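What follows is a single structure, written as structure tokens, with notes after it.
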Amino acid sequence: MDEPGFHARRLAERQQRLAALDGKLGLHGIKATEPLADRDYLRAQVHPPAAADNSDAGTYESVGGTYRPPATVISQEEIPGPKPSSGNFPIAEPLERHPHGPMRPHLKLMTNVMLRYDTTVNNVWHGFAMLVTTDNGSDYSTKPTLSLQWDATAGQLVQKLETMQISEPPRRDPHTGAEEGVHSQRIEAQQIHTYYSLAGGQTFWRWKLEIPLGEREEEIFYSVNNGQEGSFWVPAFDQEFRVMYHSCNGFSGGVDTEAFNGPDPLWRDVLRKHEEKPIHVMVGGGDQIYNDPLTREPEIAPWINETDVAKKIAAPFTDEMKFALDRFFFNAYCAWFRGGAFGIAVGKIPMLNMLDDHDMIGFGSYPDDLQKSPVFSNIGSYGYKWFLLFQMFIVDEVDGTSPESAVGIPSVNTHSSKSLIIGGEGAFIPYPNHSFLSYLGPKMYLLMVDWRSERRFDQLASKTTYERLERAVYALPDGIEHLIVLLGVPIAYPRMVALENVLESKLNPMAILAKMKIMPSAVNKFNAEAELKDDLADHPCAGDHKKERNWLIERYQKMAVDKHVRITFCSGDVHATANSKFYSKKKLEPSKDPKWMLQFISSAIVNTPPPPPVIWLVSKLGAKRHKASLPCSLALFTLHYVDTEEELIPIFTEDTDGSKPKSNTVMGRRNYAMADYDTATGEIQFAICVEKSQGSGTTKEYYLRAPPPRW
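24 is the number of the first residue of the sequence shown in our numbering; add one for each residue after it.
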């Protein structure tokens, strides 16, 4: 049968998508009995084993926990995916590929293609694709090649489809065989890393993508070695990006994951939105993976379980531990980043990620003597290395760490990542600060601040890093109106000073309950201090970080005036959404107030919300106003000295079911956020998408708006 051609194939695919959205087909064109029913969209790449292999045929194991499959199951013949995981720490096995997409030369895959956005320079979209292959069974006679195709006439075809006035597709060039208006690229991979496991080499291949933006939004199609095809979208050259924000993409230990229908429900909702209207980039605000189970690895567990802190600090870092760390991170990342609906999303929506505590097993939140100990400093180092490799597609040994090569100014950067800003040296790890400044449209940029690599008990990041970030922002072109600053933990959040003081005291109730074995999980496994204390110490509003936090807000206020830009903060970490604002005490109109800064919290897309008493406490503390007449010793806990107020925003006027909520400022349900630029007003609209009922995967949207600078 003759090849129908690029345009004919895309036309058929578009018809199929429209049918899917109308409820005639499943989300990705797979026949389904119901239109996108809550559970029809099975985890595409983690599937249950046969009942004969499982004593409990109703559940199955995955890297994220135990799940119960939906009533309607799509057969594995229809959807590709890895073999079932066994236990909490599965060994990642090569993927079985879809029979309709053989690669030539053949590659044995450990992951699907993953996408990462970098920035846009002179109307050229810069990003990366990455793939992991296992050497045993892969043909490397030629380097893996990624093919790109996109259609300059796509906008015309969409209009024809919508009116159902379908005409003959463009003709092929009789000399070259190429279709008119079809742009193609073939890119050879760069080998950036090989991990040597007991099964042999596992090779990481990276492709640098450069796509000129056109007059309309475009769908970019890609394949590796002419194999299975995927696609993603880029905006028009004069269009602001449509952005999705998320954090806490995993379950904490002890959570009943089955009660939430596993990790997929909200990711299915994201993919559904992406099918309806393309999402150009998804921003991970931290904890894209929960690496906490590392503490149960057999080579690491004895050190974790050592109760003598002095012995723990003095313990040597052994070759067995080194092997265990690489083994754990490789298998955990492969399983999580290719699994389920999230595994599909990373191949459809380019990522922009910043790490937080769970990406690094909490490293950065503990006393200095513990963090610089041989074992714990290496746990932090390996966590950071694998974050850079798997989430940012960066290998410092290959790409370099010279501050002069990565200043966040594309015309100056010689680093492979044009958005990268190399900051100060790591506090306890041999990696410098990696922060990023990325273009999100002619009016909008995103600054992602690394608050982990240099973190100490009394420091979030160094002055060196902050100065380099400022230098990059001040170099932005005129006309930028919005700067979104991503911070892993909220810069505005209710103070819990009294609770911190209780946890610091000798009569700490958490430690007492743990010693009595009434609440053993109330203390952490690293130094037997209260688990909640480490969480509180993470926050800029904690006593040890308050001066740095206030100084930083002052710097952003000055930056807003100097660059005439609206600054908005985005954060995660707290497993609930609570949105705040800073504003001038002069009661100015928001658009005319450079101190008016919104903070929205998107957390968690997978993990469980805090218990209701915690939500109640946060909402009560958030309602407390800080008096301007505080003693000098307490004045620095507020921003009154720079004529600035801060407060929670009461956007939750009704619950997800329409009833009256217990709190109108804090919502303890799983969530993520969407950002759309309003061309009519110059505002950014942030939609906080909150899960309607636990595990449902359907969301109710609550809106916030950041006005343009009009002072």
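From the three backbone atoms N, C-alpha and C, an ideal C-beta is built for every residue, glycine too.
A quick note: this is a predicted structure, and the numbers were derived from the prediction, not measured.
C-alpha gap between residue i and residue j, whole angstroms
i, j, result
"tryptophan 326", "glycine 718", "37 angstroms"
"isoleucine 444", "threonine 134", "28 angstroms"
"aspartate 292", "threonine 721", "6 angstroms"
"leucine 510", "arginine 127", "43 angstroms"
"proline 286", "valine 278", "12 angstroms"
"arginine 733", "serine 607", "15 angstroms"
"threonine 702", "glycine 502", "14 angstroms"
"isoleucine 711", "proline 373", "20 angstroms"
"lysine 643", "valine 689", "10 angstroms"
"tyrosine 389", "glutamate 299", "44 angstroms"
"glutamate 670", "threonine 341", "49 angstroms"
"glutamate 668", "valine 597", "22 angstroms"
"valine 247", "serine 170", "6 angstroms"
"aspartate 391", "leucine 483", "13 angstroms"
"serine 161", "threonine 330", "46 angstroms"
"arginine 479", "glycine 385", "12 angstroms"
"proline 635", "valine 665", "35 angstroms"
"valine 181", "arginine 693", "Only weak support is given to the placement of valine 181: the predicted model assigns it a pLDDT of 47, under 50, and the value that follows is read from those uncertain coordinates. In a straight line, the C-alpha of valine 181 is about 34 angstroms away from that of arginine 693."
"alanine 347", "valine 257", "39 angstroms"
"threonine 704", "serine 476", "39 angstroms"
"valine 435", "lysine 570", "33 angstroms"
"methionine 137", "lysine 231", "12 angstroms"
"tyrosine 726", "glutamine 580", "24 angstroms"
"glutamate 116", "glutamine 708", "42 angstroms"
"threonine 487", "glycine 406", "23 angstroms"
Check whether residue i and residue j have beta carbons under 9 angstroms apart
i, j, result
"tyrosine 140", "leucine 378", "no"
"valine 572", "methionine 620", "Note on residue identity: the sequence assigns arginine, not valine, to residue 572. Result no, Cβ atoms of arginine 572 and methionine 620 do not sit closer than 9 angstroms."
"methionine 267", "alanine 698", "yes"
"lysine 395", "alanine 515", "no"
"glycine 308", "serine 270", "yes"
"glycine 447", "serine 485", "yes"
"valine 512", "serine 594", "yes"
"glycine 363", "glutamine 311", "no"
"phenylalanine 381", "proline 731", "The residue asked about is misnamed: residue 381 is histidine in this sequence, not phenylalanine. Cβ atoms of histidine 381 and proline 731: not closer than 9 angstroms."
"histidine 303", "phenylalanine 264", "yes"
"isoleucine 234", "glutamate 242", "no"
"aspartate 422", "serine 440", "yes"
"isoleucine 576", "leucine 662", "yes"
"histidine 149", "leucine 412", "no"
"phenylalanine 283", "threonine 631", "yes"
"glutamate 495", "glycine 431", "The question names glutamate, but residue 495 is alanine in the sequence shown. It is a contact, given that the beta carbons lie within the stated cut-off."
"proline 617", "alanine 583", "yes"
Terminal residues of the beta strand (DSSP E) in which residue i lies
i, result
"asparagine 354", "Where asparagine 354 is concerned, there is no enclosing beta strand (DSSP E), although the alpha helix (DSSP H) it sits in stretches over 342-360."
"arginine 139", "137-144"
"alanine 152", "147-157"
"threonine 722", "722-729"
"lysine 604", "603-607"
"asparagine 694", "694-700"
"alanine 710", "707-714"
"glutamate 668", "667-671"
"valine 23", "With the chain running from 24 to 734 in the structure shown, residue 23 is simply not present."
"threonine 591", "589-594"
"phenylalanine 416", "Unbroken run through phenylalanine 416: none, as it is neither H nor E."
"isoleucine 624", "620-624"
"methionine 467", "467-471"
Opposing strand residues paired with residue i [DSSP bridges]
i, result
"glutamate 211", "Thr168"
"aspartate 174", "Val205"
"threonine 600", "Met690"
"isoleucine 445", "His457"
"valine 306", "Tyr268, Leu375"
"arginine 229", "Met153, Gln213"
"serine 220", "Gly223"
"tyrosine 462", "Tyr468"
"leucine 662", "Answer is none; leucine 662 lacks a bridge partner."
"valine 430", "Ile444"
"leucine 132", "Thr156"
Beta carbon proximity, residue i to chain E, threshold 9 angstroms
i, result
"phenylalanine 416", "This model lacks chain E altogether, as it is built from one protein chain only."
Extent of the continuous alpha helix (DSSP H) to which residue i belongs
i, result
"arginine 572", "569-586"
"phenylalanine 365", "363-368"
"leucine 483", "Note, leucine 483: premise wrong, no alpha helix (DSSP H); not H, not E."
Cβ-heavy atom distance, residue i to the ligand FAD, below 8 angstroms
i, result
"alanine 368", "This structure simply doesn't include the ligand FAD, nor any ligand for that matter."
Notebook entry, point to check: Enumerated in chain order, which unbroken segments of the beta strand (DSSP E) with a length of 3 residues or greater are wholly contained in the segment 373-408?
Noted result: At a cut-off of 3 residues, the continuous stretches assigned as beta strand (DSSP E) that sit fully inside the segment 373-408 are 374-376.
Margin query: For a minimum of 3 consecutive residues, which ranges assigned as the beta strand (DSSP E) are wholly contained in the segment 235-298?
Written below: Runs of the beta strand (DSSP E) inside the segment 235-298: 241-247, 252-257, 266-269.
Note to self: List, from N- to C-terminal side, the alpha helix (DSSP H) runs of 4 residues or more that fit wholly inside the segment 315-339.
What the structure shows: Counting only runs that start and end inside the segment 315-339, the alpha helix (DSSP H) elements of at least 4 residues fall at 324-328, 332-337.
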